[in-house]
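In what follows, a structure is listed as structure tokens, so that the remarks can point back to it.
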Amino acid sequence: MVTPVSIAGRLIGPGQPCWIIAEAGVNHNGDPALAAALVDAAAKAGADAVKFQTFQAATLATPTAAKAAYQSANLADDSLSQQAMLKALELSRDAHRPLQTRAAAQGIPFLSTPFAPDDAAFLVGLGVPALKVSSGDLTNLPFLAQLARYGLPLLLSTGMADLAEVAAAVATVRANGNPSLILLHCVSTYPADAADCNLRAMRTLQDTFHVPVGWSDHTIGWDVAVAAVALGACVVEKHLTLDRTMPGPDHAASLEPAELAALVLALRRTEAALGHGEKRPTPSEAAVAAVARKSLHWDQDLAAGASVSQGAVTILRPEAGLAPKWYDRLHGLRLARPVLAGSPVLPADFDPAGLPPELIQ
3 MVTPVSIAGR LIGPGQPCWI IAEAGVNHNG DPALAAALVD AAAKAGADAV
53 KFQTFQAATL ATPTAAKAAY QSANLADDSL SQQAMLKALE LSRDAHRPLQ
103 TRAAAQGIPF LSTPFAPDDA AFLVGLGVPA LKVSSGDLTN LPFLAQLARY
153 GLPLLLSTGM ADLAEVAAAV ATVRANGNPS LILLHCVSTY PADAADCNLR
203 AMRTLQDTFH VPVGWSDHTI GWDVAVAAVA LGACVVEKHL TLDRTMPGPD
253 HAASLEPAEL AALVLALRRT EAALGHGEKR PTPSEAAVAA VARKSLHWDQ
303 DLAAGASVSQ GAVTILRPEA GLAPKWYDRL HGLRLARPVL AGSPVLPADF
353 DPAGLPPELI Q
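Letter by letter, the sequence shown follows residues 3 to 363 of the numbering used here.
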């Protein structure tokens, strides 16, 4: 049994609409004006939330920490250390509140990922409705314990982790009194290859930990995200950029605004197509059934009182007479009235004395 998690007035869980997070991340390149434009683009595209990253380079990486290969490939100056790269991508503390206000004015919550205890305390003071935890901090159990104690819903990405590591993280969150947890399956490469995505792992996470699950998507395009929703993702997170050709570590693996809007539409259509699971005809099919299904029709003219022979009846469109299942049960019945070839076979055509009870009207 999976209990939904409530974030900013929205229930997130099986049977609820997918919660779509536009991950602005560091695609503002340190520019608050660009960050504001990303908020606008997320709201216009129909995302349910917009998310940034809150960090200070000095408390995130050592001066000598190496960059990931994808970071080096997408930087204008590859000579920068990871810390120097991160410094240029910091979102200032002063920029957060205006972005939060801007998002709220457009009907979507502002979220961010903290990377250190001070970052988390700042975001909680800002009044964010939930905290997102990066895959890189899944094994940072002391940090997870602190985040859990704030009592806010946690969205925990699980890239690079095996099930035992996820279990340790979940146990830490729960041991610190926080039941409001969403696990996001993730592949921490930029871009991720579809063949590496293993979307069925979402079901493993849900069945093992009984929490809502989602997909933090680093693939190119949006077809994998659609597949994730079809497989039960309750949350989809996708990177957003205003221009994929901009310098910066994440732009190349991000969607531009029109593409994000197309993703939102595709996910909503997918949800609608998944339906309720009960096998039954739709109201729109009724008119089609009347002309596409077959029924019994008279194959010859017969007089009143005649006994019906096997060859007197055929099965043809439209569905105007008795159902084909009665074909073998009419032999030998007597007619109460004359019938014409091509007309539908109706219960009123027969002497009621010989009719099966279910056909007597």
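Backbone N, C-alpha and C fix where the C-beta goes; we use that ideal spot for every residue, glycine too.
Only residues of its own chain outside the window of five on either side were considered, and among them A49, D50, V238, V266 and L269 have a CB closer than 7 Å to the CB of I22, listed in chain order. Cβ-Cβ separation between L101 and A37: approximately 6 Å, consistent with a contact (criterion under 8 Å). Taking all protein chains shown into account, V293 has fewer than 16 neighbouring C-beta atoms within 10 Å of its C-beta and is therefore exposed. For D330, the closest of L342, L357 and R339 by C-alpha to C-alpha distance is L357. Take the alpha-carbon of V347 and the one of K327: they are about 12 Å apart. Only buried fits H30, as 16 or more other CB atoms lie within 10 angstroms of its CB. Inter-segment contact for the segment 78 to 98 and the segment 150 to 162 is absent: fewer than three beta-carbon pairs are separated by less than 8 Å. Within the same chain, P193 come within 6 Å of I222 by CB-CB distance, once the 5 residues on both sides are set aside.
Proximity to A132 across V28, A147 and F112 peaks at F112, based on C-alpha coordinates. Beta-bridge annotation (DSSP): F352 is paired with L337. Among the bridge pairs identified by DSSP, E239 is matched with I23 and S218.
In the displayed model, R319 falls within coil according to three-state DSSP, outside both helix and strand. Beyond the five residues adjoining it in sequence on each side, S309 comes within less than 7 Å, by CB distance, of G334 and R336 in the same chain, given in chain order. With the rule of 3 Cβ pairs closer than 8 Å, the segment 134 to 152 counts as touching the segment 167 to 175.
Restricting attention to L183, G127 and R104, the CA atom closest to the CA of K134 is found in L183.
A straight-line Cα-Cα distance of about 10 Å links A197 and V226. Inter-residue distance for A177 and E287 is about 52 Å (C-alpha atoms, whole angstroms). When the beta-carbon positions are compared, Q55 and K69 stay at least 8 Å from each other. By a beta-carbon distance limit of 8 Å, A24 contacts A47. Their separation comes to about 7 Å. In the DSSP assignment, H212 is bridged to no other residue. Counting along the chain, no beta strand (DSSP E) covers H98; the unbroken alpha helix (DSSP H) around it starts and ends at R95 to A107.
In the DSSP secondary-structure assignment, T115 is bridged to Q55.
In this structure, P214 lies near V7, with their beta-carbon atoms less than 8 Å apart. At least 8 Å separates the beta-carbon of F124 from that of S136.
With at least 16 other beta carbons inside 10 angstroms of its own, P259 counts as buried. DSSP lists L186 as the bridge partner or partners of S159.
Close CB contacts of L361 within its chain, under the 6 Å cut and outside five residues either way in sequence, are with P349 (chain order). Contact between A203 and H220 is absent: CB atoms are separated by about 15 Å, not below the 8 Å threshold.
Non-local C-beta neighbours of L342 in its own chain, meaning closer than 8 Å and more than five positions away in sequence, comprise W300 and D303, ordered along the chain.
At a Cβ-Cβ threshold of 8 Å, V189 and G234 do not count as neighbours.
Of the candidates G179, L128, G109 and G129, the residue whose Cα lies closest to the Cα of Q148 is G179.
Cβ-Cβ distances below 8 Å link R339 to A306, A350 and D351 in the same chain, with the five nearest sequence neighbours on each side left out; the list follows chain order. Nearest in C-alpha terms to G109, of all of V52, S159 and L185, is V52.
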